[in-house]
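Each remark here refers to the structure printed beneath this line.
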Amino acid sequence: MVQQKAVIDTAARHLLTSHGLRSLAPQDPLYAGHYGGDTQQRDSVYHQGTVWGWLIGPFVSAHLRVYKDRQLARSFLQPLIYNMADHGLGTISEIFNGDPPFTPRGCIAQAWSVAEVLRAWLETEQY
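Okay, here's the thing in structure tokens:
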């Protein structure tokens, strides 16, 4: 359990944002906090710090398993629930910038992001 808490705490400290988990920590020299530019520029930073909404699902599951705090687990999901009514009705963007304010990027409707948020929310309901 100590190792599991260490993993969750490290992910929370370095990767967790209000819109999911970053693909790379900001402290990494290869980190790119903004996803933009032409196709080549976007492709080069796609996995260098962009925030992926779908990763919040496994994070919430692991956090709930380790800390057993339903309310806190739900608090990680709430910004993405709001995003479902903000940028594309009923859906969540593919990715977000790694730096605040976590501007939505990529496609406006990413099915697995929606699925993971809903799955994790249901998991907190059943906890």
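The opening position of the sequence shown corresponds to residue 1 in UniProt numbering, with each subsequent residue numbered one higher. Just so it is clear, CB atoms sit at the ideal spot from N, CA and C, and this is done for glycine as well. Treat the numbers as computed from the prediction; the structure is a model and nothing was measured.
1. In the DSSP assignment, what are the bridge partners of Arg105?
2. Please classify Pro104 as buried or exposed, where buried requires at least 16 neighbouring CB atoms within 10 angstroms.
3. What residues in its chain sit with their C-beta under 6 Å from that of Leu55, if we drop five residues either side in the sequence?
4. Using only alpha-carbon positions, find the residue among Gln110, Leu72 and Trp112 that is nearest to Glu125.
5. Is residue 129 buried or exposed, if buried means 16 or more other CB atoms sit within 10 Å of its CB?
6. Whose C-beta lies closer than 8 Å to the C-beta of Phe102 among residues of the same chain, with five residues either side of it excluded?
7. Going along the chain, which residues of its own chain have a beta-carbon closer than 6 Å to the beta-carbon of Ala32, five neighbours each way excluded?
8. Less than 8 Å between the CB atoms is what I'm expecting for Gly90 and Ile108, so what's the real figure, rounded?
9. Go to Gly49, then tell me how far its beta strand (DSSP E) extends in each direction, as first and last residue.
10. Find the nearest neighbour of Ala115 within the set Pro26, Tyr127 and Ser93, judged by alpha-carbon distance.
11. Suppose you measure from the CA of Ile8 to the CA of Arg70; what does that come to, to the nearest Å?
12. What separation, rounded to the nearest whole angstrom, lies between the Cα atoms of Gly98 and Tyr127?
A quick look at the data gives this:
1. BP columns for Arg105 point to Ile95.
2. Burial of Pro104 is indicated by the presence of at least 16 other C-beta atoms within 10 angstroms of its C-beta.
3. Only Gly20 and Leu21 meet the Cβ criterion.
4. Among Gln110, Leu72 and Trp112, the Cα nearest to that of Glu125 is on Leu72.
5. No statement about residue 129 is possible, as the shown extent of the chain runs from 1 to 127 and does not include it.
6. Counting only residues of its own chain and dropping the five nearest sequence neighbours on each side, Phe102 has a CB closer than 8 Å to the CB of Thr17, Ser18, His19, Val51 and Phe96.
7. Excluding positions up to five away in sequence, the list reads Val45, Gln48 and Gly49.
8. Contact between Gly90 and Ile108 does not hold, since their C-beta atoms are separated by about 11 Å, which reaches or exceeds 8 Å.
9. Unbroken run through Gly49: none, as it is neither H nor E.
10. Residue Ser93 is the option with its Cα nearest to Ala115.
11. When rounded, the separation of the alpha-carbon atoms in Ile8 and Arg70 is 15 Å.
12. The alpha-carbon separation between Gly98 and Tyr127 amounts to approximately 30 Å.
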